[in-house]
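Line order of the protein sequences matches chains A and B.
Under the numbering used here, the first sequence is numbered contiguously, ending at residue 426.
Under the numbering used here, the second sequence is numbered contiguously, ending at residue 426.
For each residue, glycine too, the CB sits at the ideal point set by N, CA and C.
A short worksheet on the structure shown next.
2 protein chains.
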Amino acid sequence: MKRPTIADIAQRAGVSKGAVSYALNGQPGVSEATRKRIVAIAQEIGFNPNSAARALSGATAKAVGLTLCRPARILSIEPFFMGLISGFEAELAARSYALTLQVVATPENEVEVYRRWWGERRVDGVFVSDLRDDDVRIPVLQTLRLPAVVIGGPGDTGSITQVWSDDAGAVAEAVRYLVALGHRRIARVGGLPDLLHTQSRTRAFTDVCMALGLETAVTVPSDYTGEEGGRATRRLLIGAERPTAIIYDNDVMAVAGLAVAQEMGIRVPADLSIVAWDDSPLCSLVHPSLTALSRDISEYGAQAARQLLAAVDGEQVTSVEAGTAHLTPRGSTAPPRTR
Amino acid sequence: MKRPTIADIAQRAGVSKGAVSYALNGQPGVSEATRKRIVAIAQEIGFNPNSAARALSGATAKAVGLTLCRPARILSIEPFFMGLISGFEAELAARSYALTLQVVATPENEVEVYRRWWGERRVDGVFVSDLRDDDVRIPVLQTLRLPAVVIGGPGDTGSITQVWSDDAGAVAEAVRYLVALGHRRIARVGGLPDLLHTQSRTRAFTDVCMALGLETAVTVPSDYTGEEGGRATRRLLIGAERPTAIIYDNDVMAVAGLAVAQEMGIRVPADLSIVAWDDSPLCSLVHPSLTALSRDISEYGAQAARQLLAAVDGEQVTSVEAGTAHLTPRGSTAPPRTR
DNA sequence: CTGTAACACTTAACCGATCAAGTCATGGCG
DNA sequence: CGCCATGACTTGATCGGTTAAGTGTTACAG
């Protein structure tokens with residue numbers, strides 16, 4: 088089947104290619120009558136402008152990119168990214184931007200992909216997630232002048248805007264809640280330690296625990312996988328000073344932690360309270376259901392997409408704070424048993 | 088920063104654009120010495136061919152598309168798609184094809200997206216998942232002559248090739264295993280009933296149960312969500328003829344079913360055995376860990392990607408069967424308690 | 001009645017590649 | 001020596017849009 092081009096429309100309408108272009112793009116230069124006729128013909132023959140030709144004549148690629156730099160086995164179960172992606176889509180689809188996805192192995196690979204995309208003019212902008220200390224991607228994006236939005240932070244990203252959520256506030260809310268229930272020994276199983284948002288959560292966790300006069304504020308680093316989360320939990324639970332509550336940096340690790348506790352005969356929530364970060368259906372699926380720090384991840388993604396599209400349009404954009412995660416109490420938290 | 092073009096290279100090397108094109112594409116028409124010089128310059132200035140210009144001059148878009156037609160809340164937790172996507176990427180990245188993703192609401196929307204992509208020449212081919220009865224997408228793809236690979240089946244897809252796994256064999260293996268353990272009342276919580284592979288699983292389940300002389304072979308339809316899976320489980324467990332084993336069409340529903348059973352005081356596996364379909368980390372995370380029908384979803388995706396790329400290359404491709412899912416026994420299955 | 005401005009177009013250059021066709025030097029052969 | 005084949009390029013058309021500049025018609029002011 089031959090793809091219709093503007094030349095076909097022009098021929099049918101008896102006008103020039105230029106006129107068709109003006110008509111379809113809402114530019115002045117054609118009469119209202121002609122415009123209507125042209126639009127009708129375009130409709131009829133199912134015309135879609137060739138994106139390559141458009142991109143070639145200086146216009147935009149009408150696509151943005153996202154690289155994911157986590158092992159496949161983490162991605163497959165981590166609900167966060169799919170939530171984010173569907174949030175992106177909501178905004179992108181409305182402006183018929185496509186989302187180009189690439190799974191990569193290392194941050195260096197991510198940089199290569201950015202360079203290639205930019206060189207190929209394949210995308211008009213990119214989403215950047217999982218910000219690290221002195222992230223190698225930031226300077227590259229700046230020299231390429233490739234519009235970008237960093238998801239998560241806040242961190243030092245120079246001229247690149249960020250969409251971030253107040254993790255410090257959320258962690259404080261969780262700790263305060265647990266303390267209000269009577270907990271005095273609260274531990275945390277953190278995410279990948281080289282990610283910036285993990286660091287800011289760790290700092291906030293330590294700070295608020297100290298501020299509330301708790302004895303300890305142990306954070307065990309982990310990697311968001313269930314296995315590691317379970318292992319970290321086991322390590323915490325066999326220690327001498329067993330915590331009465333654990334906060335996990337994602338839901339997958341929290342579920343794994345719950346399983347470990349049950350396996351060890353430690354009852355949740357009687358002997359151990361559990362708080363998950365990021366509330367996916369997973370948290371309400373398990374028994375007992377998990378108290379979680381919920382936030383609207385799709386909306387988070389939508390907000391990032393709005394920012395990126397604005398940046399692509401050349402608008403001056405500033406970093407914004409997306410909604411803070413809020414505690415959703417469920418069955419996994421209770422006052423600690425007094426001994 | 089200005090993007091380097093082949094004209095820049097041509098100028099530097101003191102040759103024409105055409106010569107550069109021949110050199111970089113390994114075509115005859117330039118001497119080995121000149122080719123080396125040109126390649127070196129391209130390397131040096133970090134040249135990437137503009138994908139739009141390439142696509143425009145008849146070449147391919149170097150991108151394939153995937154539409155996902157499930158509500159966001161399902162996608163976010165369903166590990167299947169992310170596994171599939173990372174499998175795609177493995178093959179696509181090797182040939183530097185990009186993956187374009189779009190989340191849509193209905194199969195009709197999917198058709199629109201295909202039409203648009205095709206008209207825009209944005210993709211060279213598409214993955215088709217979640218095949219339905221008399222799927223509206225198939226005839227459209229055929230008239231558009233848009234290369235495609237159907238994931239899942241087998242079904243009637245005319246000239247479009249499929250990558251499918253032997254669900255009937257897998258369901259038979261699960262049922263035989265449960266029967267060998269001594270189960271006589273086995274139920275199943277199925278996926279979306281209008282999906283073709285759900286239907287073939289249902290048929291196979293009924294057939295094998297009948298063949299083995301079981302009294303019943305109840306399938307409760309569901310929608311892959313945890314909530315529905317839990318509800319279906321509850322319905323099954325409060326019935327007069329309570330099953331001693333349940334097979335779930337995905338892992339999320341199985342986990343939900345486990346939670347429901349525990350909540351009702353029904354012990355797993357003593358009172359109820361559970362088998363999940365598709366083995367994600369989720370299955371080993373919960374307690375007891377779930378016996379599952381495992382298959383290598385990434386490899387499944389990789390195989391589909393290989394097929395699609397071959398189809399894009401114009402090769403004659405035939406439908407292939409990906410590896411059958413095999414039973415991975417874990418803690419959620421045991422002989423039923425004799426009364 | 002003329003000058004000119006506004007409108008409704010057309011023409012053609014351009015984006016950055018690919019590729020068929022043409023050019024030019026060189027070498028081998030009868 | 002002339003002829004043809006070959007290699008190593010160059011030239012220029014082409015893909016399908018966008019857009020600046022040009023053209024022809026009409027309307028209206030002076």
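**OP:** Find out if the Cβ-Cβ distance for the pair Val-213/A, Leu-153/A is shorter than 9 angstroms.
**Re:** The residue labelled residue 213/A in the question sits at position 126 within the first sequence. The residue labelled residue 153/A in the question sits at position 66 within the first sequence. Yes. Within cutoff.
**OP:** Find the nearest neighbour of Ala-357/B within the set Met-351/B, Ala-379/B, Thr-331/B and Tyr-335/B, judged by alpha-carbon distance.
**Re:** To locate residue 357/B, count along the second sequence from 1; it is residue 270. Ala-357/B has its Cα closest to that of Thr-331/B, out of Met-351/B, Ala-379/B, Thr-331/B and Tyr-335/B.
Original post:
So, helix, strand or coil for Arg-275/A, using DSSP?
Top reply: Walking along the first sequence from the start, residue 275/A turns up at place 188. Residue state, collapsed to three classes: strand.
**OP:** Determine the chain A residues that contact Asn-337/B at a beta-carbon separation under 7 angstroms, and present them in chain order.
**Re:** As a first step, residue 337/B must be located in the second sequence, where it is residue number 250. None at all; the shortest Cβ gap to chain A is about 12 angstroms.
Original post:
Could you give the distance in angstroms between the alpha-carbon of Pro-422/A and the alpha-carbon of Thr-285/A?
Top reply: Working through the first sequence from its first residue, we reach residue 422/A at position 335. Working through the first sequence from its first residue, we reach residue 285/A at position 198. Those two C-alpha atoms are separated by around 27 angstroms.
Original post:
Does the pairing of the stretch 245-260 of chain A with the stretch 410-421 of chain A give three or more beta-carbon distances under 8 angstroms?
Top reply: yes
Original post:
Using a C-beta cutoff of 9 angstroms, does Ser-216/A count as contacting chain B?
Top reply: The residue given as residue 216/A occupies position 129 in the first sequence. Taking Cβ atoms only, chain B never reaches closer than 9 angstroms to Ser-216/A, which makes this a no.
Original post:
Under 9 angstroms between C-beta atoms, does Asn-137/B make it to chain A?
Top reply: Looking up residue 137/B in the second sequence gives position 50. So yes, Asn-137/B belongs to the interface.
Subject >> Residue-chain proximity (Trp-364/B, chain A), Cβ-Cβ < 9 angstroms >> reply: On the second sequence, residue 364/B is found 277 positions in, with the first residue counted as 1. Not an interface residue.
Subject >> CB contact below 9 angstroms: Thr-378/A versus chain B >> reply: Looking up residue 378/A in the first sequence gives position 291. Chain B, which has no Cβ nearer than 9 angstroms to the Cβ of Thr-378/A, makes this no.
Subject >> Closer than 9 angstroms to chain A by CB, Thr-420/B >> reply: Reading the second sequence from its first residue, position 333 is the one you call residue 420/B. Chain A contact via Cβ: absent.
**OP:** Establish whether the CB of Trp-251/B and some CB of chain A are separated by less than 9 angstroms.
**Re:** Here residue 251/B refers to the residue found at position 164 of the second sequence. Taking Cβ atoms only, chain A never reaches closer than 9 angstroms to Trp-251/B, which makes this a no.
Subject >> Local conformation of Thr-121/B per DSSP, three classes >> reply: Start at 1 with the first residue of the second sequence, and residue 121/B comes out as number 34. If DSSP states are grouped into helix, strand and coil, Thr-121/B belongs with the helices.
**OP:** Pick helix, strand or coil for Glu-199/B, following the three-state DSSP scheme.
**Re:** As a position in the second sequence, residue 199/B is number 112, starting the count at 1. Helix at Glu-199/B.
Original post:
Listing by chain order, which chain A residues have their CB less than 7 angstroms from the CB of Glu-199/B?
Top reply: On the second sequence, residue 199/B is found 112 positions in, with the first residue counted as 1. Close partners of Glu-199/B in chain A (Cβ separation under 7 angstroms) are lacking, with about 10 angstroms as the shortest Cβ gap.
Original post:
Which of the residues in the stretch 213-244 of chain A, read from start to end, lie with their CB under 7 angstroms from any CB of chain B?
Top reply: Thr-230, Leu-231 and Arg-232
Subject >> chain B contacts made by the stretch 178-194 of chain A, where a contact means CB separation under 9 angstroms >> reply: Listed in sequence order: Leu-179, Ala-180, Ser-183, Ala-185, Leu-186, Thr-187, Leu-188, Gln-189, Val-190 and Val-191.
**OP:** Using a Cβ-Cβ cut-off of 9 angstroms, state whether Met-297/B counts as contacting chain A.
**Re:** Numbered from its first residue, the second sequence carries residue 297/B at position 210. By this cut-off, Met-297/B is not an interface position.
Original post:
According to DSSP, what are the bridge partners of Gln-189/A?
Top reply: Translated into the one-based positions of the first sequence, residue 189/A becomes position 102. DSSP, once it has assigned bridges, lists Thr-154/A as partnering Gln-189/A.
Original post:
Nearest chain A C-beta to Gln-349/B closer than 9 angstroms, yes or no?
Top reply: The residue given as residue 349/B occupies position 262 in the second sequence. Yes, because at least one Cβ of chain A sits closer than 9 angstroms to the Cβ of Gln-349/B.
Subject >> Three or more C-beta pairs below 8 angstroms linking the stretch 107-118 of chain B and the stretch 293-300 of chain A >> reply: no
Original post:
Do three or more CB pairs link the stretch 319-337 of chain B to the stretch 301-316 of chain A at distances below 8 angstroms?
Top reply: Segments in contact, no.
Original post:
Is there a Cβ from chain A that is less than 9 angstroms from the Cβ of Arg-290/B?
Top reply: Along the second sequence, one-based indexing puts residue 290/B at 203. Closer than 9 angstroms: no.
Original post:
Is Ile-384/B close to chain A, meaning its C-beta is less than 9 angstroms from at least one C-beta of that chain?
Top reply: Along the second sequence, read from residue 1 onward, the residue named residue 384/B stands at position 297. Yes - at least one Cβ of chain A is within 9 angstroms of the one on Ile-384/B.
**OP:** Using alpha carbons as the reference points, say which of Tyr-201/B, Leu-301/B and Ala-348/B lies closest to Cys-156/B.
**Re:** Reading the second sequence from its first residue, position 69 is the one you call residue 156/B. Residue Tyr-201/B is the option with its Cα nearest to Cys-156/B.
Subject >> Cβ of Thr-312/B within 9 angstroms of any chain A Cβ >> reply: Here residue 312/B refers to the residue found at position 225 when the second sequence is read from its first residue. Judged by the 9 angstroms Cβ criterion, Thr-312/B is in contact with chain A.
Original post:
Between Leu-359/B and chain A, is there a C-beta pair that is closer than 9 angstroms?
Top reply: Position 272 of the second sequence, counted from the first residue, corresponds to residue 359/B. Answer no: the Cβ-Cβ gap between Leu-359/B and chain A never drops below 9 angstroms.
**OP:** Taking C-beta pairs closer than 7 angstroms, name the residues in chain A that Ile-428/B reaches, listed in chain order.
**Re:** Past the boundaries of the shown model lies residue 428/B; chain B is included only from 88 to 426, so the question cannot be answered.
Original post:
Going along the chain, which residues of the stretch 251-272 of chain A sit with their C-beta nearer than 8 angstroms to a C-beta in chain B?
Top reply: none
**OP:** Specify the secondary structure class of Arg-232/B as computed by DSSP and reduced to three states.
**Re:** To locate residue 232/B, count along the second sequence from 1; it is residue 145. Three-state result, Arg-232/B: coil.
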